[in-house]
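All residue numbers for the sequence shown refer to this note's numbering, where the first residue is 203 and numbers rise by one.
A virtual CB, placed ideally from N, CA and C, is assigned to each residue, including glycine.
All figures in this text were calculated on a predicted structure; none of them were measured in a lab.
Inspection log for the structure reproduced underneath, given as structure tokens.
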Amino acid sequence: SAADQRRADMGLLAKAVRKYGLAVARMEEESNRPPLASTSTPRDTIVEPAASEAAAAPSGSGQGSGGKEAPRRYKKVELPTQEQMMMDDVMNNNCLVKMVLSCVMGGVLGAGMGIFFGAFEPMQPGEEKLGVMQTLRNYGRQSLSKSWSYAKGFAAFGALYSGSECVIEQTRAKHDIYNSAYAGCFTGGVMARSGGKEGMAMGCATMAALSVCMDRFMDIH
């Protein structure tokens with residue numbers, strides 16, 4: 203009937219008015235809210251923590267004041283130049299350069315040790331009758347002789363050990379403690395060649411064990 207139709211139309215109109223009123227109220231509420239701070243950070247921006255947050259953050263934790271996570275710090279990574287890469291390759295991967303450097307350093311160390319130990323040489327019979335200057339000359343000659351002997355031994359040892367370790371490492375293509383053991387065995391055997399097979403075997407075992415212990419102590423590998 204016409205009355206029923208009017209009631210249905212009025213009901214639909216009331217529902218539409220209520221929906222419109224709710225939508226208007228929601229829009230007014232959102233417009234009155236304060237704007238939210240942007241949390242997005244550009245990719246190229248380095249985030250630095252505020253001084254108050256950095257001071258309030260306890261050491262060893264990534265939490266700042268109020269339980270908020272402290273911003274992270276990013277350090278600039280500088281790539282090595284071509285000259286630095288070439289120098290590093292020459293110094294670390296060239297066996298000849300390593301041999302020469304070890305030989306020179308071993309010679310200097312041996313010379314210093316020879317002078318030091320030469321000063322403690324006992325006096326020869328009859329030297330107590332000599333004068334002070336002559337005694338000093340004799341001690342100087344003894345120290346130089348011992349220094350030269352120590353320098354040759356340490357220079358040979360440094361060159362043999364460094365060169366053999368470099369060759370073994372490049373041959374095995376591994377950087378581990380076995381390189382030091384093999385190099386120590388080779389160096390000890392060569393240095394003790396005058397003692398025959400038994401002396402070479404003893405020198406090999408002794409130097410290999412010493413090399414392994416030194417690597418363990420210095421934590422090289």
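Along the alpha helix (DSSP H) that carries residue i, what are the first and last residues, could you check?
i, result
"residue 418", "398-420"
"residue 298", "297-320"
"residue 385", "379-393"
Short check: CB of residue i to CB of residue j, under 8 Å?
i, j, result
"residue 344", "residue 323", "yes"
"residue 404", "residue 395", "no"
"residue 397", "residue 357", "no"
"residue 177", "residue 420", "Residue 177 cannot be examined here, being either before or after the span of the chain that is shown, 203 to 423."
"residue 361", "residue 304", "yes"
"residue 316", "residue 348", "yes"
"residue 307", "residue 299", "no"
"residue 297", "residue 392", "no"
Can you list, in chain order, the residues of its chain whose CB lies under 7 Å from that of residue i, leaving out five sequence neighbours each side?
i, result
"residue 367", "381, 382 and 385"
"residue 409", "386, 387, 389 and 390"
From the DSSP output, in three-state form, read off residue i for me.
i, result
"residue 424", "Because the chain spans 203 through 423 in this model, residue 424 falls outside it and cannot be assessed."
"residue 271", "strand"
"residue 276", "coil"
"residue 254", "Note that residue 254 scores a pLDDT of 45, beneath 50, so its modelled location is shaky and nothing firm can be said."
"residue 264", "Here the model assigns residue 264 a pLDDT of 48, short of 50, so the residue's position is not dependable and the matter cannot be decided."
"residue 375", "coil"
"residue 243", "Note that residue 243 scores 46 on pLDDT, short of 50, meaning its location in the model is unreliable; the coordinates nonetheless yield the value given after this. Residue state, collapsed to three classes: coil."
"residue 283", "coil"
"residue 249", "Caution applies to residue 249, whose pLDDT of 44 falls short of 50 and renders its modelled position unreliable; the model cannot decide the point."
Taking 8 Å as the limit between beta carbons, can you name the residues of its chain near residue i, skipping five residues before and five after?
i, result
"residue 282", "290"
"residue 341", "320, 321 and 323"
"residue 407", "387 and 390"
"residue 359", "308, 389 and 393"
"residue 210", "none"
Suppose the cutoff is 6 Å on Cβ atoms and the five residues either side in sequence are ignored; what does the same chain contact list for residue i look like?
i, result
"residue 320", "344, 345 and 348"
message = Tell me whether the region 404-418 and the region 374-390 touch, counting them as touching only if at least three CB pairs, one residue from each stretch, are closer than 8 Å.
response = Yes: the two stretches touch, three or more of their Cβ pairs being nearer than 8 Å.
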